[in-house]
Amino acid sequence: MLNVLVVDDNPTNVMLIREILRKAGYTGVQSAASAREMYEVLGLEGPVGPLYVPDIDLILLDMMMPEIDGLEACRTIQQYSELRDIPIIIVTAIGDSHMLAEALDAGAADYVTKPINRIELLARIRLALRLKQEKDWHKERDRHIREELRLAARVQTSVLTEPLSDERITIDALYQPSEELAGDLYAWFKLGEGRYGIMIIDMMGHGVSSALLCMFIASVLRDAVVQTEQPDMVLKRLNTKFHQLHMNGNLMLYYMTALYVVVDTNERTIQYANAGHPPGIVMMEDGRMVTLESTGYPVGMFPDLEVDTHALRFDSRARIALYTDGLLESAGATVESAMERIGTLLTQEQSLKSRAWDELLHPPGEESEDDKCLVWVDIH
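Quick note on this note's numbering: the sequence shown kicks off at 204 and runs consecutively.
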């Protein structure tokens, strides 16, 4: 049953509208003699908003009423998200087009003029209710999609590797999606005694498509890592898997940047292959900063990936930062200043839990449009 609220200070008008609605089959009709009475029906009994969600499908609101007119009442209703989707049809004896335009701008869905024409009134009611039903359908669909996105985000977060703390190495990460779903991915693996593989990936774009491709890469990443320990071969295997998605020719060309690092705490070596990713940073014990520069094109860009493995040595301690370009943009106005800031934090801060790292991830006043990810490796 549809519920209609008639708001008019003239009892005769209310009776006339009630009778028209009754004959048309609208039996759920309530009335209010003023805007204040309407507020009470809608639960607006204080400045905090509706005390409950009213069971009202449509409001027929008289334009000219004492104390609070229809325009002001309409504007008040539009202030509350719980009420603004209720269609309002203004009932007016005024033929002023400017006044009618003001009513529509104030949030009214339509209007009818006095004396009321039964056929016109019912036609406008049917139109307003049909539009409301369509809007309600879209709202419910949007709510369902948001719930599915939240579930997908929880699933995506669950595949991210837990922090690792061994005798000679600690690995942790910061992760901030720009939307519900992200196109950034990180993972690390224990490859053997004292050997650890660390991967960071930034998929082209962000949102649902990038997140799905990240989940695909996460599903094949472990196999790629265990089949070979050479960083360049790991990225080449991922490139082969990635291009299997393009074999039918129906998928648009996607690519990802990736940086894979293998740390050997026994041999005190760092091997890496960088496929178009922002350079990683290694802070040596003596204060030197070494960058892990790109050694090839992004993964997925070409059927055959050309990328090399590079290596460096450290004495007894070192810290490594791997990050995506979203974090680099937050860290400084230029790439050089951003990398310098990250290097300074690597040297000064003892964990990712510090306020300085949090401010790097969430700069005051910033509304980032890119995902952010940072992997911290402390070799001790």
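Cβ coordinates follow ideal geometry from the N, Cα and C atoms, glycine included.
query: Going by the DSSP bridge assignment, what does Leu261 pair with across the sheet?; result: Val207
query: Among all the DSSP beta bridges, which residues are the ones paired with Gly499?; result: Ala478 and Val510
query: I want to know whether the segment 551–570 touches the segment 376–387 - three or more CB-CB distances under 8 Å.; result: yes
query: Got a sec? Which residues, its chain only, sit under 8 Å from Glu488 by beta carbon, not counting five neighbours each side?; result: Phe517, Asp518, Ser519, Arg520 and Ala521
query: Express the C-alpha separation of Met407 and Tyr457 in angstroms, rounding to a whole number.; result: 6 Å
query: Write down the C-beta distance between Leu245 and Ile259 rounded to the nearest angstrom, noting that I regard them as a contact closer than 8 Å.; result: 7 Å
query: In whole angstroms, give me the CA-to-CA distance for Thr550 and Met486.; result: 7 Å
query: Ignoring anything shorter than 4 residues, give me the alpha helix (DSSP H) runs that lie fully in the segment 372–442, in order along the chain.; result: 411–430
query: Work out the CA separation of Asp265 and Ala296 for me, nearest whole Å.; result: 9 Å
query: Would you call the segment 269–281 and the segment 229–243 in contact, with 3 or more CB pairs under 8 Å?; result: yes
query: Give me, in chain order, the residues of the same chain whose beta-carbon lies closer than 6 Å to that of Ala227; leave out the 5 immediate sequence neighbours on both sides.; result: Leu325
query: To test your reading of the DSSP string, which unbroken alpha helix (DSSP H) runs of 4 or more residues are found completely within the segment 276–364?; result: 300–308 and 321–361
query: Which residues does DSSP list as the beta-bridge partners of Ala235?; result: Val210
query: Just to confirm my understanding: we take Thr443, look at its own chain, exclude 5 residues before and 5 after, and list those with CB closer than 6 Å. What are they?; result: none
query: Compute the Euclidean distance between the alpha carbons of Ser234 and Val294, then round it to the nearest angstrom.; result: 14 Å
query: Would a C-beta distance cut-off of 9 Å place Val502 and Leu441 closer than the cut-off?; result: yes
query: Taking all protein chains shown into account, decide if Phe445 is buried (16 or more other Cβ within 10 angstroms of its Cβ) or exposed.; result: buried
query: Output the distance between the C-alpha atoms of Ile403 and Asn469, rounded to the nearest integer angstrom.; result: 23 Å
query: How many Å lie between Arg287 and Leu303 at the Cα?; result: 19 Å
query: Name the two residues that bound the continuous beta strand (DSSP E) containing Thr460.; result: Met459 to Asp467
query: Rounded to whole angstroms, what's the CA-CA distance from Glu543 to Phe505? Just pull it up for me.; result: 32 Å
query: Checking the sheet assignment: what are the DSSP bridge partners for Asp369?; result: Asp369 pairs with nothing; no bridge assigned.
query: Just list the residues that DSSP pairs Met492 with in beta bridges.; result: Met486
query: Using a Cβ-Cβ cutoff of less than 6 Å, which residues in the same chain neighbour Ser497 once the five nearest sequence positions on both sides are dropped?; result: Asn477 and Gly479
query: I need the DSSP call for Ile523, collapsed to helix, strand or coil.; result: strand
query: With DSSP run on the structure shown, which of helix, strand or coil describes Thr550?; result: helix
query: Between which residues of its own chain and Val217 is the CB-CB distance below 7 Å, once the five residues before and five after are set aside?; result: Val209, Asp211 and Ser234
query: Can the beta-carbon of Asp435 be found less than 9 Å from the beta-carbon of Gly395?; result: no
query: Are Leu219 and Ile328 close, meaning C-beta to C-beta below 9 Å?; result: no
query: Using CA coordinates, which residue listed in Gly410, Ala427, Glu383 and Leu415 is at the minimum distance from Gly400?; result: Ala427
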